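Novice:
Chains as they are written, first to last, in our numbering: chain A, 1 to 385; chain B, 1 to 140.
1. Grouping DSSP H, G and I as helix and E and B as strand, with all else coil, what is residue 91 of chain A?
2. Residues of chain B with CB under 8 Å from residue 200 of chain A, in chain order?
3. By how many angstroms is the C-alpha of residue 238 of chain A removed from the C-alpha of residue 93 of chain A?
4. Would you list, in chain order, the members of the region 129-146 of chain A that have their beta-carbon closer than 9 Å to a beta-carbon of chain B?
5. Looking only at C-alpha atoms, which of A:42, A:156, A:54 and A:218 sits nearest to residue 340 of chain A?
6. Cα-Cα, which of A:251, A:114, A:331 and A:303 is closest to residue 380 of chain A?
7. What does residue 7 of chain B pair with, by DSSP beta-bridge criteria?
8. Taking DSSP as the reference, what is the three-state secondary structure of residue 234 of chain A?
9. Buried or exposed: residue 30 of chain B, going by 16 or more other Cβ atoms within 10 Å of its Cβ?
10. Using a Cβ-Cβ distance under 9 Å, would residue 375 of chain A count as near chain B?
11. Can you tell me which of the three DSSP states residue 134 of chain A falls into?
12. Can you check the region 274-360 of chain A for any beta strand (DSSP E) of at least 3 residues that lies completely inside it and give the ranges in chain order?
13. Applying a beta-carbon distance threshold of less than 8 Å, which residues of chain A neighbour residue 117 of chain B?
14. Taking contact to mean at least 3 C-beta pairs separated by less than 8 Å, is the region 315-325 of chain A in contact with the region 155-170 of chain A?
15. Could you tell me whether the Cβ of residue 135 of chain B comes closer than 9 Å to any Cβ of chain A?
16. Which residue marks the beginning of the alpha helix (DSSP H) containing residue 215 of chain A, and which one marks its end?
17. Apart from the five residues on each side of it in sequence, which residues of its chain come closer than 8 Å, Cβ to Cβ, to residue 13 of chain B?
18. Looking only at DSSP bridge pairs, what is residue 78 of chain B linked to?
19. Taking residue 139 of chain B as the reference, give the member of B:130, B:125, B:126 and B:119 with the closest Cα.
20. Compare the Cα-Cα distances from residue 49 of chain B to each of B:100, B:98 and B:11 and report the closest residue.
21. Given this structure, state the Cα-to-Cα distance separating residue 213 of chain A from residue 325 of chain A, to the nearest angstrom.
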């Protein structure tokens with residue numbers, strides 16, 4: 001049987017998001033419902049038409065609660081994707097597959113998280129200790145930033161990644177946030193001097209290598225390409241989709257295979273580009289998951305924007321800035337807009353292709369959006385007509 | 001400090017560590033050495049294992065130096081280095097552990113500024129919340 005690629009068969013036609021803040025009063029459930037209602041309004045589609053949901057396994061608001069509050073109809077597809085921020089783009093991919101295969105007609109994906117005012121997951125010493133964490137955490141690699149710091153230092157040793165390269169990432173995101181009124185860091189400038197003099201969190205990573213801690217919720221609405229042509233908004237097609245859990249991968253502590261610096265993005269990329277009409281050099285703008293700055297060079301390598309080990313050098317000469325070789329995280333990303341497990345990167349990808357970003361890349365017609373590298377991951381290539 | 005969680009697959013590791021031996025799960029059929037321990041050999045699907053003794057020598061593959069915010073017991077001794085050590089026997093066997101001046105020393109007893117990737121280390125055993133665990137010390 002010949003497979004029928006997902007290519008352009010489903011489209012995002014609505015996006016919604018609450019405000020972002022360190023602390024928001026409403027519950028995660030209330031925020032989720034508001035974001036979904038805004039996305040449906042943006043699409044011009046009634047809630048009773050919603051028959052599919054996709055979310056992260058870490059999402060605390062469940063389908064039953066959300067569906068009955070927003071007023072969804074009979075739901076025939078609901079899917080959850082694991083591995084924290086690695087699941088962001090997979091929610092989009094799963095909805096697209098459901099719509100392309102007729103399992104549903106109107107899909108909603110969402111993320112609602114009070115990570116700003118709620119607890120840091122790594123402080124939960126009961127749920128954070130089971131396998132394989134017993135081999136790393138008791139010795140003091142307590143937090144995701146510690147696990148990534150180990151990979152970053154190895155990249156520095158093997159390939160010459162520098163703190164300035166990571167600073168280029170942090171500053172590019174901050175510059176975009178400075179032009180985005182919705183961004184937490186809208187008013188706060190960041191210079192290389194600020195970056196290099198910041199306090200260390202897990203040497204070699206400093207404060208500005210870490211994403212924000214944010215309360216907020218976002219959602220998208222998806223329909224078939226045929227229906228999308230009659231919707232209020234310009235359709236943003238899911239051109240290609242990939243997930244990646246490489247052979248002998250070990251999560252963020254991927255220290256136990258031949259090449260720990262070739263992470264899940266390499267596997268997701270292979271699947272993503274397999275049925276794509278575009279190559280990395282055709283991508284106009286990218287939203288790359290940025291819980292920590294080293295994930296950008298690692299992802300640039302994985303998705304094929306440069307060779308293995310060249311991710312640090314790629315960031316030089318303003319490559320990630322507007323007008324550069326590959327503008328990234330044009331809303332400010334997780335580092336400077338909001339950290340909502342990467343869902344804000346999806347909404348920003350849609351805005352870029354509608355031409356409505358506060359950091360618009362002129363004429364952008366393709367946008368890569370990625371989920372968290374270093375955990376089982378996912379990515380979508382979005383395009384417009 | 002956090003006590004390592006002992007699951008069925010990893011229990012022998014800690015039993016040998018209590019005797020001062022660094023042993024790794026090894027497939028009884030194909031001989032592949034596995035880490036972390038798991039219920040099946042990914043090469044031949046055998047569920048029979050031996051525990052092969054390692055030399056206890058290796059090299060630092062990478063390291064991080066965490067600073068607060070941390071859990072209180074760790075914040076109290078921060079900054080402290082955490083090293084990933086490649087065992088001499090197989091470069092894919094990389095153990096995460098503390099680098100200490102000696103078996104009885106604190107986890108902040110080695111100055112992080114003196115640590116280099118590639119540096120030789122050897123295993124020592126220390127107690128962590130009542131459980132014997134492998135740690136590493138500079139091997140000159």
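Note that beta-carbon positions come from the ideal geometry of N, C-alpha and C, so glycine has one too.
Just so we're clear, the structure is a prediction, and the values are computed from it rather than from any experiment.
Specialist: So, to answer that:
1. Position 91 of the first chain, counted from the start, is the residue given in the question as residue 91 of chain A. DSSP places residue 91 of chain A in helix when its eight states are reduced to three.
2. Taking the first chain and counting its residues from 1, the one referred to as residue 200 of chain A is at position 200. Chain B residues near residue 200 of chain A: 65, 67 and 79.
3. Numbered from 1 along the first chain, position 93 holds the residue referred to as residue 93 of chain A. Numbered from 1 along the first chain, position 238 holds the residue referred to as residue 238 of chain A. One C-alpha to the other measures close to 8 Å.
4. 129, 130, 131, 132, 133, 134, 135, 136, 137, 138, 139, 140, 141, 142, 143, 145 and 146
5. Within the first chain, the letter at position 340 stands for residue 340 of chain A. Closest option to residue 340 of chain A, Cα to Cα, is A:218.
6. The residue you call residue 380 of chain A lines up with position 380 of the first chain. Checked all of A:251, A:114, A:331 and A:303; the closest Cα to residue 380 of chain A is A:303.
7. Position 7 of the second chain holds residue 7 of chain B. DSSP lists no partner for residue 7 of chain B.
8. The count along the first chain starts at 1 and reaches residue 234 of chain A at position 234. Reduced to three states, the DSSP call for residue 234 of chain A is coil.
9. Your numbering for residue 30 of chain B matches position 30 in the second chain. That one is exposed.
10. Taking the first chain and counting its residues from 1, one reaches residue 375 of chain A at position 375. For residue 375 of chain A, the answer is no, since every Cβ of chain B falls outside 9 Å of its Cβ.
11. To locate residue 134 of chain A, count along the first chain from 1; it is residue 134. Helix at residue 134 of chain A.
12. 285-287
13. By one-based count along the second chain, residue 117 of chain B stands at place 117. What residue 117 of chain B touches in chain A: 153, 154 and 157.
14. yes
15. For the purposes of this step, residue 135 of chain B is taken as the residue at position 135 of the second chain. It does; some Cβ of chain A falls within 9 Å.
16. Working through the first chain from its first residue, we reach residue 215 of chain A at position 215. Premise fails: residue 215 of chain A lies in the beta strand (DSSP E), 215-224, not in any alpha helix (DSSP H).
17. For the purposes of this step, residue 13 of chain B is taken as residue 13 along the second chain, with counting starting at 1. If we look at residue 13 of chain B and ignore the five residues flanking it on each side, its Cβ neighbours are 23, 24, 25, 37 and 51.
18. Within the second chain, the letter at position 78 stands for residue 78 of chain B. According to DSSP, residue 78 of chain B bridges with nothing at all.
19. As a working note, residue 139 of chain B is residue 139 in the second chain. Of B:130, B:125, B:126 and B:119, the residue nearest in Cα terms is B:119.
20. Here residue 49 of chain B refers to the residue found at position 49 of the second chain. Measuring from the Cα of residue 49 of chain B, the nearest candidate turns out to be B:11.
21. On the first chain, residue 213 of chain A is found 213 positions in, with the first residue counted as 1. On the first chain, residue 325 of chain A is found 325 positions in, with the first residue counted as 1. One C-alpha to the other measures close to 29 Å.
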